[in-house]
DNA sequence: TAAATAGCAGG
DNA sequence: GCCTGCTATTTAT
């Protein structure tokens, strides 16, 4: 080992960008609404480097004002860069502060890029006998590599690789790292907008380098090339030389390397802690303290020069032989006895995630027979257990149990495999039943609705308190995603075994869980249960802190059971009716097709907006200046075409064609295919954690967007029918619930009274806004008032309003002004919501459901405007969702208590659909109306309309 | 084969 | 202007 001094030069922006985008799907937002992704990503990397390498000299280099020289050479240099994301701009000052507090030098020079600064410093340090490591993912730096200068690149998935001369030679197929400049010059660089030689990519560039050694060499030998390539290279020699200059990192920036300045000092611990605390970095604070405070044992010889030892320094710290307990070993001794677990891993950086490989754990499969009984005995002694079912598929109605994993202690758990034969499975389930049906044992899981449905198919009723980590996290941050892999990575810094690793990618030859070897099943399934258990501990606390525990316990968790029941029930579908509808549509579509082709003078794909645009606007020239979409295509969207409909017959035909095709493909033909064979019903899947406002969503199939607005479309509702002639469908919907909520929340008396008096709210609004008696309100006036009423809920703009009505922009603006004058408290309520969001970073519903609005203080007016509209809309839409959820829970409870045959089947945001057993009809009408109208007390009465019928259309 | 885009169904 | 999910076409890999 050499005792050469080691200097680490960090390319700040490259790591900041990388950190920022690493979190892009789950941006880190603190309670003040600040996006801290970039800061966290950068600090993770920096601490990681320090911890791994313990550099004795270190500096962080920034760009300052872009490269004056390069822009002078080439105006378009970096001109196509998107604007730096807001989250990065705001991060930089924080990073400066942190670096200062850490006593790490910041190097930058006006008019130069970090590349040039690093290039210059590394050469100076080389002269003073340093080994330099350039910390950057950017390949351009390869040109700087020498015997004493290395690239130190973060690798996707964790770890770092060091590029010395041999690595650069190999990656770029060059003999000298300096040739990387020629390589970059030839192929150009899209992100820096370096043009390069046209038609030359990585392959050709390597070929040229091998043959001619450099850009100049190539240009001197163009006569040896042939065909198109020869022409192109000869025509663009100048461009090639310019590109090479642009790609050259400068080595003469006016900065000076002074070894003393760059020595890595002890940071000002308190100062850094304070900044981190302000940013709400908990894990990072721990990591920082570990890096700088108790580092006594880490600076052993092992960590002194690992950068030079392996090409890739991966994260695995414990070999698998060090791990305890693999499946199958000594199971009896382990039941109930607590086996000591060794220390938890301490690494936490973004690039050093823990996995099952690197964490100690004890996952055990339970053999059949006696062992299972002993296991269950132990299980029944627990008060709280996490479980996870493994099945043969995603559809709980058809999926078979392959196994169930259990965990009640972090790092430990058991897996009970299920036999394939039905009888064997039934026997086993009987052994487990006492656990699931025990009221006193809390059941923890991720997406318990699925497990509950699967077990219901085995006639097992899961009883006792529930804790669903997916639901918990949905309340903690509804805008994020909530799948277990993301949660584990975000909150536990842990990467679980991926399901595709076991069963392959979906599609062609995906395996069933059943075919996975038992030891793999065990590792995977128990890991899931173990992680879920760990997440629970995390989320319990956060729910309490956000004051949203009640919403969780009283609404979302009970609702999970309600939804499971509704989904298992499904709704009866009249397939024969849809089939005949399909034939009718087929005819009509064929006829339209014919007339369209005639009018157009040729056949084309009407469903292709691209082809349609060409026909309408190039061939037929129906309009002078066609509107374009953002990708430069002609827009053929509905509102655009509607304008033209009165002038050209073909347009109406196209719109009709579209309408009918949509109906046919999305509903009439698709729905019958979704009927479950065993039940004859369609079973939608309600998603409880996707809509950021708190609404449900529905898919496979989506039964929340069955047509109703057009005559032709609403016919589809006739296909939704009661289960048999003893039943009838009942639809119950809240009348104007969102307007009632905004009236109540804003305490706008005028509007509240209108509702209390049972007035037609849109007519009432029109009467006041247009200053006419309510009896003389015209259709148009009512319609405009209705548009504004809804607009208010969405956060109106004059622009949007004039688009939706016949009103001009000015008229729309006036109308909105008059509206606010009529309902002054509405306006003040709206600005209060925005102010609240600015101060707190979130808004909330009547039941304390939060939505965080990170952009509410954005300096970008468009982005901020969207957040402001959300601040108004989310509490309204979300409160309506809260209320109907409450009603659903209460109704479900009453139906069960009364042993009623009638069932709740569907929820469509403000509507509930029931299959009513005819003898129960009167009782049900009363029950449903009462429960819905009294689900939540507002200062405005809630009003529910009920309708019954032999199909969903009639029940409206 | 998967991902992105355009368009459109509902509240 | 808010909140969603599905289909078909097109594009990129």
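Numbering (the numbering used here), first residue to last: 6 to 961. Idealized CB from N, CA, C, for every residue including glycine. Since the structure is predicted, the reported quantities are computational estimates derived from the model, not experimental observations.
Bridge-paired residues (DSSP) for residue 370: The residue labelled residue 370 in the question sits at position 365 within the first chain. According to the DSSP secondary-structure assignment, residue 370 is paired through a beta bridge with 420.
Meets three-Cβ-pair contact criterion under 8 Å: the region 602-620 and the region 686-706: no
Beta-carbon proximity of residue 691 to residue 571, cut-off 9 Å: The residue you call residue 691 lines up with position 686 of the first chain. The residue you call residue 571 lines up with position 566 of the first chain. Yes.
Check whether residue 111 and residue 101 have beta carbons under 9 Å apart: The residue labelled residue 111 in the question sits at position 106 within the first chain. The residue labelled residue 101 in the question sits at position 96 within the first chain. A contact, by the Cβ cut-off of 9 Å.
Rounded C-alpha distance that separates residue 329 from residue 370: The sequence position of residue 329 within the first chain is 324, counting from 1. The sequence position of residue 370 within the first chain is 365, counting from 1. Note that residue 329 scores 32 on pLDDT, short of 50, meaning its location in the model is unreliable; the coordinates nonetheless yield the value given after this. Going by the C-alpha atoms only, they are around 14 Å apart.
Beta carbon of residue 501 nearer than 9 Å to that of residue 360: In the first chain, residue 501 corresponds to position 496, counting from 1. In the first chain, residue 360 corresponds to position 355, counting from 1. It is a contact, given that the beta carbons lie within the stated cut-off.
Between the CA atoms of residue 598 and residue 871 - distance to the nearest angstrom: Against the first chain, residue 871 aligns to sequence position 866. Against the first chain, residue 598 aligns to sequence position 593. So the two alpha carbons sit approximately 41 Å from each other.
CA-to-CA distance, residue 211 to residue 176, given in whole angstroms: For the purposes of this step, residue 176 is taken as residue 171 along the first chain, with counting starting at 1. For the purposes of this step, residue 211 is taken as residue 206 along the first chain, with counting starting at 1. Going from the Cα of residue 176 to the Cα of residue 211 covers about 10 Å.
DSSP-derived helix/strand/coil call for residue 687: Position 682 of the first chain, counted from the first residue, corresponds to residue 687. In this structure, residue 687 counts as strand in the three-state DSSP scheme.
Backbone CA spacing between residue 845 and residue 285 [nearest angstrom]: Translated into positions along the first chain, residue 845 becomes position 840. Translated into positions along the first chain, residue 285 becomes position 280. Between residue 845 and residue 285, the C-alpha separation is close to 15 Å.
Touching by the beta-carbon criterion (3+ pairs, under 8 Å), the region 844-859 and the region 528-545: no
Among 860, 391, 141, 575, the one whose alpha carbon lies nearest that of residue 469: Numbered from 1 along the first chain, position 464 holds the residue referred to as residue 469. That would be 391, whose Cα lies nearest to the Cα of residue 469.
DSSP state of residue 315 mapped onto helix, strand, coil: Position 310 of the first chain, counting from 1, holds the residue named residue 315. Reliability of the predicted coordinates at residue 315 is poor, the pLDDT of 31 falling under 50, and no value is obtained from them.
Cα-Cα separation between residue 23 and residue 727, rounded to whole angstroms: In the first chain, counting from the first residue as 1, residue 23 sits at position 18. In the first chain, counting from the first residue as 1, residue 727 sits at position 722. Looking at the two C-alpha atoms, the distance is approximately 55 Å.
Three-state secondary structure (DSSP) of residue 916: Residue numbering aside, residue 916 sits at position 911 when the first chain is read from its first letter. The three-state reading of DSSP puts residue 916 in strand, counting E and B together.
Residue 750 in three-state terms, based on DSSP: Counting from one through the first chain, the residue named residue 750 turns up at place 745. In this structure, DSSP gives residue 750 a helical state, which the three-state scheme calls helix.
Heavy atom of the ligand COA within 8 Å of residue 661 beta-carbon: This structure lacks the ligand COA, and indeed carries no ligand of any kind.
Cα-Cα separation between residue 387 and residue 375, rounded to whole angstroms: Stepping through the first chain from its first residue, residue 387 is reached at position 382. Stepping through the first chain from its first residue, residue 375 is reached at position 370. Their backbone Cα atoms lie some 19 Å apart in a straight line.
Environment of residue 888 [buried if 16+ CB atoms lie within 10 Å]: If you number the first chain from 1, residue 888 lands on position 883. Counting Cβ neighbours within 10 Å, residue 888 comes out buried, since at least 16 surround it.
C-beta atoms of residue 560 and residue 852 nearer than 9 Å: The sequence position of residue 560 within the first chain is 555, counting from 1. The sequence position of residue 852 within the first chain is 847, counting from 1. Their beta carbons are under 9 Å apart, which means residue 560 touches residue 852 by this criterion.
Presumed contact (8 Å Cβ cut-off) between residue 899 and residue 932, rounded CB distance: Working through the first chain from its first residue, we reach residue 899 at position 894. Working through the first chain from its first residue, we reach residue 932 at position 927. That belief holds up - the Cβ atoms of residue 899 and residue 932 are roughly 6 Å apart, short of 8 Å.
Where the beta strand (DSSP E) containing residue 764 begins and where it ends: As a position in the first chain, residue 764 is number 759, starting the count at 1. No beta strand (DSSP E) holds residue 764; DSSP gives it neither H nor E.
Euclidean distance between Cα positions of residue 322 and residue 578: Position 317 of the first chain, counted from the first residue, corresponds to residue 322. Position 573 of the first chain, counted from the first residue, corresponds to residue 578. Confidence is the limiting factor: at residue 322 the pLDDT is only 27, short of 50, which leaves the residue's position unreliable, though a coordinate-based value still follows. Approximately 57 Å between the Cα atoms of the pair.
Exposed unless 16 or more other CB atoms sit within 10 angstroms - verdict on residue 806: As a first step, residue 806 is located in the first chain; it is residue number 801 there, counting from the start. In summary, residue 806 is buried, with 16 or more beta-carbon neighbours lying within 10 Å of its beta-carbon over all protein chains present.
Local Cβ density within 10 Å of residue 585, reported as buried at 16 or more and exposed below that: In the first chain, counting from the first residue as 1, residue 585 sits at position 580. By the neighbour-count criterion, in which 16 or more other beta carbons inside 10 Å mark a residue as buried, residue 585 falls on the exposed side.
Three-state class that DSSP yields for residue 602 in the structure shown: Residue numbering aside, residue 602 sits at position 597 when the first chain is read from its first letter. Residue 602: helix per DSSP, three-state reduction.
Alpha helix (DSSP H) segments (min. 4 residues) lying fully within the region 620-657: For the region 620-657, the continuous alpha helix (DSSP H) assignments of 4+ residues that do not extend past its boundaries occur at 643-650, in sequence order.
Length of the line joining the Cα atoms of residue 438 and residue 404: For the purposes of this step, residue 438 is taken as residue 433 along the first chain, with counting starting at 1. For the purposes of this step, residue 404 is taken as residue 399 along the first chain, with counting starting at 1. Spanning the two alpha carbons is a distance of roughly 19 Å.
Three-way DSSP call (helix, strand, coil) for residue 282 in this model: The residue labelled residue 282 in the question sits at position 277 within the first chain. Residue 282 falls in the helix class under three-state DSSP.
Straight-line gap, residue 269 to residue 396 (C-alpha atoms, nearest Å): To locate residue 269, count along the first chain from 1; it is residue 264. To locate residue 396, count along the first chain from 1; it is residue 391. Residue 269 and residue 396 have their C-alpha atoms roughly 54 Å apart.
Whole-Å CB distance - residue 1036 paired with residue 665, under 8 Å assumed: This structure gives no information on residue 1036, because the portion of the chain shown stretches from 6 to 961.
Distance CB(residue 708)-CB(residue 576) smaller than 9 Å: For this step, residue 708 is matched to residue 703 along the first chain. For this step, residue 576 is matched to residue 571 along the first chain. Yes, Cβ-Cβ distance for residue 708 and residue 576 is below 9 Å.
Pair within 9 Å by beta-carbon distance, residue 256 and residue 128: Taking the first residue of the first chain as position 1, residue 256 is located at position 251. Taking the first residue of the first chain as position 1, residue 128 is located at position 123. For residue 256 and residue 128, yes; Cβs fall inside 9 Å.
Inter-residue Cα distance where the pair is residue 179 and residue 524: Taking the first chain and counting its residues from 1, the one referred to as residue 179 is at position 174. Taking the first chain and counting its residues from 1, the one referred to as residue 524 is at position 519. Whole-angstrom Cα-Cα distance: 47 Å.
Residue nearest to residue 243 in terms of C-alpha spacing, selected from 223, 712, 262, 641: Position 238 of the first chain, counted from the start, is the residue given in the question as residue 243. Per the C-alpha coordinates, the member of 223, 712, 262, 641 positioned closest to residue 243 is 223.
Counted within 10 angstroms of its Cβ, other Cβ atoms place residue 78 as buried (16 or more) or exposed: Position 73 of the first chain, counted from the start, is the residue given in the question as residue 78. Label assigned to residue 78: exposed.
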